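>
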Amino acid sequence: MDKPRVGFIGLGIMGRPMCANLLKAGYSLTVWNRSRPGIDEVVSLGAATGESPADVAAKSDVIITIVTDSPDVQQVVLGPNGVLEGARPGSVVIDMSTISPSVTREVAAALEQRGVEMLDAPVSGGDVGAKAGTLSIMVGGKPEIFERCLPVFQAMGKNIIHIGPNGAGQTTKLCNQIAVALNMLAGCEAIMLAARSGIDPKKMLDAISAGAAGSWMISNLAPRIVKGDFAPGFMIRLAQKDLRLVLESAGELQLPLPGTALMNQVWRAVEAEGGGDLGTQAAIKALEKWANFTLAPRDPE
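Heads up: the sequence shown begins at 27 in my numbering, then just goes up one per residue.
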């Protein structure tokens with residue numbers, strides 16, 4: 027069976043390596059992005075350029091979007107020159123952004139009226155997982171459409187799970203972001219206690235990472251904190267957008283989430299000093315300031 031033609035909209039930190047893996051897997055790719063550098067990088071790997079989201083959709087069987095927030099998805103899918111204007115009945119829109127579950131359901135309903143299917147398929151694993159093709163992908167939508175698109179997902183990820191109907195993927199991603207945020211706080215606090223007590227934080231991490239305290243964050247981001255490497259795999263301002271979505275959903279459900287609210291404030295303290303574009307691991311900066319204690323020495327290489 028011929029591979030579907032894939033369109034890809036949103037060529038940021040995540041989108042570019044995801045496109046590279048689709049091309050490696052043999053998919054033909056038409057791409058669009060709001061700014062040129064992302065387009066140039068992916069075209070150099072063998073992708074074609076679309077003139078607009080509508081043009082990408084017209085040239086594709088499966089159209090993937092991974093953009094910043096709910097309004098951005100609404101714009102590129104439903105707005106002027108959006109995906110909906112170019113998509114044919116039977117094509118599939120896969121939104122891999124992290125957005126509001128309720129907005130996801132609204133977009134899916136608008137697409138369905140035109141005979142276009144939709145899956146919400148947000149991802150976890152950061153830029154590391156995007157480059158390695160090992161992303162976790164949590165999917166909402168019709169089971170048969172999920173099965174049809176599974177090979178496309180397998181080019182980009184390893185842990186691919188169909189959760190339920192449209193919106194279920196996004197709700198699961200919000201649960202993921204709660205766990206990620208609180209893992210980050212735990213890692214930062216452990217590093218602070220180690221350093222303030224006079225022991226080597228790197229050795230502490232080596233000791234705890236293989237035991238019950240081990241996590242993706244402890245293995246991947248905590249060593250960056252110790253080195254003073256705050257380059258973004260995922261920016262604080264985007265993590266804050268996700269926590270806003272979590273807290274909005276929790277508000278609709280009258281559900282208290284005290285840990286999430288606390289981490290929102292930790293990252294806000296870093297944002298207040300201009301750190302919104304730093305990686306999420308820069309949360310440590312807030313703890314350092316409150317403790318009047320800076321980790322040292324640091325060699326970000």
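For each residue, glycine too, the CB sits at the ideal point set by N, CA and C. Since the model is a prediction, treat every value here as computed from it, not as a measurement.
According to DSSP, simplified to helix, strand and coil, what is V178?
helix
> Given a cut-off of 8 Å, decide if P258 and K199 are closer than it, judged by their beta-carbon atoms.
no
> Measuring CB atoms only, is the region 228 to 243 touching the region 273 to 290, in the sense that at least three cross pairs come out at less than 8 Å?
Contact fails: fewer than three Cβ-Cβ distances are below 8 Å.
> Quick one: using the 10 Å Cβ neighbour count with 16 as the cut-off for buried, is C214 buried or exposed?
buried
> Evaluate A185 with the Cβ neighbour count: other Cβ atoms within 10 Å of its Cβ, from every protein chain shown; 16 or more gives buried, anything less gives exposed.
Rather than Ala, the amino acid found at residue 185 in this sequence is Asn. Classification for N185: exposed.
> Going by Cα to Cα distance, which pick from L145, D146, M182, A80 is closest to G155?
M182
> Could you give the distance in angstroms between the alpha-carbon of N192 and the alpha-carbon of A322?
Their backbone Cα atoms lie some 47 Å apart in a straight line.
> Is any beta-carbon of chain C found at less than 8 Å from that of Q280?
Protein chain content of the structure displayed is limited to a single chain, and chain C is not contained in it.
> Measuring CB atoms only, is the region 209 to 225 touching the region 297 to 315, in the sense that at least three cross pairs come out at less than 8 Å?
yes
> Compare the Cα-Cα distances from K29 to each of V165, P43, L48, S126 and report the closest residue.
Measuring C-alpha to C-alpha distances from K29 to each of V165, P43, L48, S126 identifies L48 as the nearest.
> Could you check the C-alpha separation between A113 and A83 for me, to the nearest Å?
5 Å
> Taking contact to mean 3 or more Cβ pairs, one atom from each stretch, closer than 8 Å, check whether the region 75 to 94 and the region 113 to 125 are in contact.
The region 75 to 94 makes contact with the region 113 to 125, as at least three CB pairs between them are under 8 Å.
> Please report how far the alpha carbon of C45 lies from the alpha carbon of R222, in whole angstroms.
43 Å
> Under 7 Å Cβ to Cβ from C175, same chain only, skipping five residues before and after it: list those, please.
V88, V118, I120, L145
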